[in-house]
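J.: Chains A and B supply the protein sequences, listed in that same order. Using my numbering, you'd call the opening residue of the first sequence number 184 and step up by one each time. Using my numbering, you'd call the opening residue of the second sequence number 1274 and step up by one each time.
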Amino acid sequence: MSDAAAAAELAARVSYGRLLAYLAARWRDVARAEDALGDALLAALETWPRTGVPDKPEAWLLTAARRRLVDGARHTSVAAAAEADLQVMLDERAGASHAAFPDERLALLFVCAHPAIDEAARTPLMLQTVLGLDAARIASAFLVAPATMSQRLVRVKAKIREAGIRFEIPTPGELAARLDAVLEAIYAAYGSGWEDVAGADPRRRGLAEEAIWLGRLVTRLLPDAPEARGLLALMLHCEARRPARRDAAGAYVPLTEQDVTRWSLPLIAEAETLLSAAARANAPGRFQLEAAIQSAHAQRALNGKTDWEAIALLYAGLLRCAPTIGARVAYAAALAEARGADAGLAALDTIPADAVVAYQPYWALGGHLLKVLGRNAQAREAYDRAIGLSEDAAVREFLLARSGSA
Amino acid sequence: MQYTILVYETGSELAARTDPKRKDAYWGAYRAYTTALREAGVMVGGAALEPPRTATTVRQHDGKRRVQDGPFAETKEQLGGYVVIDVPSLDKALEWAARCPSASTGAAEVRPNMPPAPPPA
């Protein structure tokens, strides 16, 4: 790759989200801002090898993209749009000499997770606009056909424009609820395509790195938000255990059997620092609770013990603010460890059957608990369901072996 | 809406069907998969196919008949079976395809079934 091409790629990677957020916020049109920025990047690849890489690549890209947007606006025939564009053009001329431009990424994140945006589209939109990921990669992570994903993204950008969703930071009164939606969307990227994030195949990283990057960005942009720190702590705790989820032969290792010397202590330390900083705000929430649960698991690396009563209690707290099926199954697992398989099975039995028809962790835990209780025929049936619902070959083999010995 | 999941398997997977060391895991995985499909109420039908070497292909182009031992095309991944499911959307169909054991080794191709042709007017 030539120096100019490398510089263009670096500028794109480092600045894409900032440039796009700024352009989209000024022009209130995500799709046009993306097209203009895409054209500017192409122009850079053509121009920079001849002219050399400019001193301020970001400013160059911004100027080129603005020019495209202004040219595009001149050709548009819709009067209303033209009027709005004219105002932006005047603003742009006034502000064009400013070298620095404001960071609008936080406003963009709030647009992506706006209540008017379909929940399923929020994370993909965030990944595409803030990180510049292409639709095909996002589609693979979320197990959606690439053509479908492209259409969804096009539709949602049209909605932002047509509904006039504003690029702004919510008022203090709305902030907590709106931030929750942003954090949910980031967490969805971390666990993309996985029902059981903690057991996920460490080779298939999905979008974990991207999600952590977004988590860091939000904690930087909103340093006073304890839940943002909680989410980042949660993701870092899960990330710390990634290498221990498979043994040397590639076989699946459940959390309770993982070799703690393969957990990343620096990541655990960073997560713990974030979590205690969040706790000082004295405003607990879903992500801080989930991070606290992972923090309790992490203690095993320090003192060799797991306090299952404490973990069950934290899950009971989590169920009050986020009663998801995943949390209910995990609560049953913790109860089983703390008070015996009977207690765990009783908790599992309170989950409605139609909610777990295709939920693998429910059946895997059920198989395990029934086997412990010596109800082997039922254990094998539950294991069978779990095996049939598994996506990962290593998890399938692990469950087949457990079922075979039941 | 009905979709067909075409189960494409590698030579190694097809060999696992009769390998004494691997056949239990192979059939266990497929039995569990079809059980999960049935219990979820989405299974319409399907079949495992005998391996490609048992195939016989017939062509009658331009009045010339050709009968050939073997499959239509020799490729690295061969059709090993199919499952027909009834689910509300392609997204759901892809979730089930991802759970198909062949998705981890070969491939699982999803196609919407066409509605039956309308009767002649």
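No residue lacks a Cβ here, since even glycine has one placed at the ideal position from N, Cα and C.
Out of A:A394, A:L404, A:L289, A:A216, which has the shortest C-alpha to C-alpha gap to F350 of chain A?
T.: For the purposes of this step, residue 350 of chain A is taken as the residue at position 167 of the first sequence. Comparing Cα-Cα distances from F350 of chain A to each of A:A394, A:L404, A:L289, A:A216, the minimum goes to A:L289.
J.: With 16 as the cutoff for other CB atoms within 10 Å, does C504 of chain A come out buried or exposed?
T.: In the first sequence, residue 504 of chain A corresponds to position 321, counting from 1. Exposed.
J.: Where does K1294 of chain B fall in DSSP's three states?
T.: Walking along the second sequence from the start, residue 1294 of chain B turns up at place 21. Of the three classes helix, strand and coil, the one that applies to K1294 of chain B here is coil, per DSSP.
J.: Below 8 angstroms on the Cβ atoms is my guess for L224 of chain A versus A191 of chain A; work out the distance and round it to an integer in Å.
T.: Within the first sequence, numbered from 1, the residue matching residue 224 of chain A stands at position 41. Within the first sequence, numbered from 1, the residue matching residue 191 of chain A stands at position 8. The Cβ separation is near 6 angstroms, so the contact holds.
J.: Looking at L497 of chain A and A474 of chain A, is the spacing between their C-beta atoms short of 7 angstroms?
T.: What you label residue 474 of chain A is simply residue 291 of the first sequence in a count that begins at 1. What you label residue 497 of chain A is simply residue 314 of the first sequence in a count that begins at 1. No. Outside cutoff.
J.: Can you find a C-beta in chain B that's less than 7 angstroms from the C-beta of E574 of chain A?
T.: Translated into positions along the first sequence, residue 574 of chain A becomes position 391. Yes, because at least one Cβ of chain B sits closer than 7 angstroms to the Cβ of E574 of chain A.
J.: Whole angstroms is fine: what's the gap from D430 of chain A's alpha carbon to Q441 of chain A's?
T.: The sequence position of residue 430 of chain A within the first sequence is 247, counting from 1. The sequence position of residue 441 of chain A within the first sequence is 258, counting from 1. About 9 angstroms.
J.: So, at 7 angstroms on beta carbons, what are the nonlocal neighbours of E287 of chain A in its own chain, with the 5 sequence-adjacent residues on each side left out?
T.: Mapped onto the first sequence, residue 287 of chain A falls at position 104. The residues are A204, Y205, A208, F350.
J.: What residue from B:E1282, B:Y1303, B:Y1299, B:L1310 has the CA that sits closest to P1325 of chain B's CA?
T.: Numbered from its first residue, the second sequence carries residue 1325 of chain B at position 52. Cα-wise, what sits closest to P1325 of chain B is B:E1282.
J.: Going straight from the alpha carbon of S447 of chain A to that of A434 of chain A, what length do you get?
T.: In the first sequence, the residue the question calls residue 447 of chain A occupies position 264. In the first sequence, the residue the question calls residue 434 of chain A occupies position 251. Roughly 20 angstroms between the two C-alpha positions.
J.: For I369 of chain A, go through chain B and note every residue whose CB falls closer than 7 angstroms to its CB, in chain order.
T.: Reading the first sequence from its first residue, position 186 is the one you call residue 369 of chain A. Residues of chain B passing the Cβ test: none, with the nearest at roughly 21 angstroms.
J.: Assess contact between the region 536 to 547 of chain A and the region 562 to 579 of chain A, defined as three or more Cβ pairs (one per stretch) separated by less than 8 angstroms. Is contact present?
T.: Contact holds: three or more Cβ-Cβ distances are below 8 angstroms.
J.: Of all the CB atoms in chain A, is at least one closer than 7 angstroms to the CB of Y1306 of chain B?
T.: The sequence position of residue 1306 of chain B within the second sequence is 33, counting from 1. Yes - at least one Cβ of chain A is within 7 angstroms of the one on Y1306 of chain B.
J.: Would the region 1365 to 1372 of chain B count as touching the region 1380 to 1388 of chain B if we require 3 or more Cβ pairs under 8 angstroms?
T.: Cβ pair count under 8 angstroms is three or more, so yes.
J.: In angstroms with no decimal places, state the Cα-to-Cα distance between G523 of chain A and K554 of chain A.
T.: Locating residue 523 of chain A in the first sequence gives position 340, counting from the first residue. Locating residue 554 of chain A in the first sequence gives position 371, counting from the first residue. Each residue's alpha carbon lies about 13 angstroms from the other.
J.: With a cut-off of 7 angstroms, does the C-beta of A1302 of chain B fall near any C-beta of chain A?
T.: Within the second sequence, residue 1302 of chain B is the residue found at index 29, counting from 1. It does; some Cβ of chain A falls within 7 angstroms.
J.: If you run the structure through DSSP and keep just helix, strand and coil, what is P449 of chain A?
T.: Start at 1 with the first residue of the first sequence, and residue 449 of chain A comes out as number 266. Reduced to three states, the DSSP call for P449 of chain A is helix.
J.: Can you give me the C-alpha to C-alpha distance between F325 of chain A and S375 of chain A, rounded to a whole angstrom?
T.: In the first sequence, counting from the first residue as 1, residue 325 of chain A sits at position 142. In the first sequence, counting from the first residue as 1, residue 375 of chain A sits at position 192. Those two C-alpha atoms are separated by around 6 angstroms.
J.: Closest by CA to L502 of chain A, which one among A:G468, A:V253, A:A247, A:E580?
T.: Indexing the first sequence from 1 puts residue 502 of chain A at position 319. Of the candidates A:G468, A:V253, A:A247, A:E580, the one whose C-alpha sits nearest the C-alpha of L502 of chain A is A:G468.
J.: By the DSSP assignment, the beta strand (DSSP E) with E1282 of chain B in it spans what residues?
T.: As a working note, residue 1282 of chain B is residue 9 in the second sequence. From DSSP, the beta strand (DSSP E) with E1282 of chain B extends over 1275 to 1283.
J.: Give me the residue from A:D238, A:I343, A:A328 with the minimum Cα distance to T312 of chain A.
T.: Start at 1 with the first residue of the first sequence, and residue 312 of chain A comes out as number 129. Of the candidates A:D238, A:I343, A:A328, the one whose C-alpha sits nearest the C-alpha of T312 of chain A is A:I343.
J.: On a CA-only basis, which of B:T1277, B:E1286, B:Q1275 is nearest S1377 of chain B? Give me that one, please.
T.: For the purposes of this step, residue 1377 of chain B is taken as the residue at position 104 of the second sequence. Of the candidates B:T1277, B:E1286, B:Q1275, the one whose C-alpha sits nearest the C-alpha of S1377 of chain B is B:E1286.
J.: Under 8 angstroms: do the region 404 to 415 of chain A and the region 351 to 365 of chain A share three or more Cβ pairs, one atom per stretch?
T.: Contact between the region 404 to 415 of chain A and the region 351 to 365 of chain A is present, because at least three Cβ pairs lie under 8 angstroms.
J.: Report the rounded CA-to-CA distance for K1296 of chain B versus L583 of chain A, giving the unit in angstroms.
T.: Position 23 of the second sequence, counting from 1, holds the residue named residue 1296 of chain B. Position 400 of the first sequence, counting from 1, holds the residue named residue 583 of chain A. Those two C-alpha atoms are separated by around 12 angstroms.
J.: Using a Cβ distance threshold of 8 angstroms, determine whether the region 1332 to 1340 of chain B contacts the region 1289 to 1306 of chain B, with at least three qualifying pairs required.
T.: Because the criterion of three Cβ pairs below 8 angstroms is not met, the region 1332 to 1340 of chain B and the region 1289 to 1306 of chain B do not touch.
J.: Determine whether the beta carbon atoms of G527 of chain A and A519 of chain A lie at a separation below 7 angstroms.
T.: To locate residue 527 of chain A, count along the first sequence from 1; it is residue 344. To locate residue 519 of chain A, count along the first sequence from 1; it is residue 336. Going by C-beta atoms, G527 of chain A is nearer than 7 angstroms to A519 of chain A.
J.: When the distance is taken between beta carbons, is V512 of chain A closer than 7 angstroms to A484 of chain A?
T.: Position 301 of the first sequence, counted from the first residue, corresponds to residue 484 of chain A. Position 329 of the first sequence, counted from the first residue, corresponds to residue 512 of chain A. Against a cut-off of 7 angstroms, the Cβ pair of V512 of chain A and A484 of chain A comes out as no contact.
J.: Does the contact criterion of 3 or more C-beta pairs under 8 angstroms hold for the region 220 to 236 of chain A versus the region 247 to 257 of chain A?
T.: Flag = yes, the region 220 to 236 of chain A and the region 247 to 257 of chain A touch.
J.: M1316 of chain B by DSSP, collapsed to three states: which one?
T.: Along the second sequence, one-based indexing puts residue 1316 of chain B at 43. M1316 of chain B: strand per DSSP, three-state reduction.
J.: If you measure from the beta carbon of S1377 of chain B to each beta carbon in chain A, is any gap under 7 angstroms?
T.: In the second sequence, the residue the question calls residue 1377 of chain B occupies position 104. Yes, because at least one Cβ of chain A sits closer than 7 angstroms to the Cβ of S1377 of chain B.
J.: Can you tell me the Cα-Cα spacing of S1362 of chain B and D186 of chain A, whole angstroms?
T.: For the purposes of this step, residue 1362 of chain B is taken as the residue at position 89 of the second sequence. For the purposes of this step, residue 186 of chain A is taken as the residue at position 3 of the first sequence. Cα-Cα distance, rounded: 47 angstroms.
J.: Relative to the ligand SAH, is the shortest distance from any of its heavy atoms to the C-beta of D384 of chain A smaller than 6 angstroms?
T.: As far as ligands go, the structure on display features none, and thus does not contain the ligand SAH.
J.: Run through DSSP, which three-state label would H132 of chain A get?
T.: Any question about residue 132 of chain A goes unanswered here, given that chain A covers just 184 to 589.
J.: Alpha carbon to alpha carbon, what distance is there between A216 of chain A and S280 of chain A?
T.: As a working mapping, residue 280 of chain A is identified with position 97 in the first sequence. As a working mapping, residue 216 of chain A is identified with position 33 in the first sequence. Because S280 of chain A carries a pLDDT of 43, less than 50, the predicted location of this residue cannot be relied on, and the following value inherits that uncertainty. Spanning the two alpha carbons is a distance of roughly 20 angstroms.
J.: Any beta-carbon of chain B closer than 7 angstroms to the one on I451 of chain A?
T.: Position 268 of the first sequence, counted from the first residue, corresponds to residue 451 of chain A. For I451 of chain A, the answer is no, since every Cβ of chain B falls outside 7 angstroms of its Cβ.
J.: Please confirm whether V339 of chain A has its beta-carbon closer than 7 angstroms to some beta-carbon of chain B.
T.: For the purposes of this step, residue 339 of chain A is taken as the residue at position 156 of the first sequence. Not closer than 7 angstroms to any Cβ of chain B, the Cβ of V339 of chain A fails to qualify, so no.
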